[in-house]
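Student: Take a look at this one; I'll ask things after.
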Amino acid sequence: MTKMTPGNGASFLLLFFPMLYSLTNSAPTNQVATYWTRGEMGYLYIDKLVNQSEALAECLRIYKGRLLTILNVAQDDAISDMIVDLGISHDIITSGKINYVSHPFPEWEWSTTATLFPYRNWSPSSPDFENHCCFKGVQASNFYRWRSLDCDTVGVFICEM
Ligand SMILES: *[C@@H]1O[C@H](CO)[C@@H](O)[C@H](O)[C@H]1NC(C)=O
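Residues -26 to -1, 1 to 135 (mature numbering (1 follows the signal peptide of the UniProt record, and there is no 0)) make up the sequence shown, in order.
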């Protein structure tokens, strides 16, 4: 896979994954993955609606990466830039969810690393403890802040490579 550095909005690769075509009977154009880089980090945007458990599994098994795990402001800003560059218009699934089991109290945790959120960027109305999964919001007017939504909510997703 060729890496390109960002710098202008056009510097990304549009990749089509032939192996996916064998998994589905639908038209090839239904499966579009876009690779985007920032510094050392590579992000693969998958334009397909799934829930968090499916996104976790697909990143791991199909793309050999991990589902979006936002550990600091620089990474959060990179994803916001990616949303603008690629014109992503659907909320993005992350690996963040409430862990009710491992701690004395329910805690927001990145399920890929099993670590508590070291950094958070919630929307004013989030998080609420009714909704247990963390999505990266795509609204510029809300500064791309995170939203807590029910875990059966579908979204597009990004695998870190
Ligand atoms: C996610 O989707 C799969 C496949 O449709 C389904 O089996 C699973 O129950 C869903 N999980 C949640 C939490 O909604």
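We treat Cβ as the ideally placed atom computed from N, Cα and C, and that holds for glycine.
#1: Find out if the Cβ-Cβ distance for the pair residue 22, residue 66 is shorter than 8 Å.
#2: Taking the alpha carbon of residue 131 as the reference point, which residue from 47, 62 and 78 has its own alpha carbon closest?
#3: Taking the continuous alpha helix (DSSP H) assigned at residue 54, which residues delimit it?
#4: Within the chosen definition, does the stretch 21 to 39 reach the stretch 88 to 96 through at least 3 CB pairs nearer than 8 Å?
#5: Restricting to Cα atoms, I'd like to know which of 96, 26 and 24 is closest to residue 112.
#6: Does any heavy atom of ligand 1 sit closer than 7 Å to the C-beta of residue 126?
#7: What residue from 105, 127 and 116 has the CA that sits closest to residue 74's CA?
#8: Using DSSP with H/G/I as helix, E/B as strand and the rest coil, what is residue 33?
#9: Assuming residue 29 and residue 18 are in contact, meaning their beta carbons sit under 8 Å apart, how far apart are those beta carbons, in whole angstroms?
#10: In this structure, how does DSSP classify residue 14 when only helix, strand and coil are distinguished?
#11: Pull the bridge partners of residue 110 from the DSSP assignment, please.
#12: Per DSSP, what are the beta-bridge partners of residue 40 in this structure?
Tutor: From the atom records:
#1: With a cutoff of 8 Å on beta-carbon distance, residue 22 and residue 66 are scored as not near each other.
#2: For the options 47, 62 and 78, the alpha carbon positioned closest to that of residue 131 is the one of 62.
#3: Per DSSP, residue 54 belongs to the alpha helix (DSSP H) from 47 to 60.
#4: In short, these stretches do not touch, since the Cβ pair count stays below three.
#5: Out of 96, 26 and 24, 96 has the C-alpha closest to the C-alpha of residue 112.
#6: For ligand 1, at least one heavy atom lies less than 7 Å from the Cβ of residue 126.
#7: For residue 74, the nearest C-alpha among the options comes from 105.
#8: If DSSP states are grouped into helix, strand and coil, residue 33 belongs with the helices.
#9: Not really, about 12 Å apart at Cβ, beyond 8 Å.
#10: Residue 14: coil per DSSP, three-state reduction.
#11: Note: residue 110 sits in a beta bridge opposite 66 and 120.
#12: The beta-bridge partner set that DSSP reports for residue 40 consists of 134.
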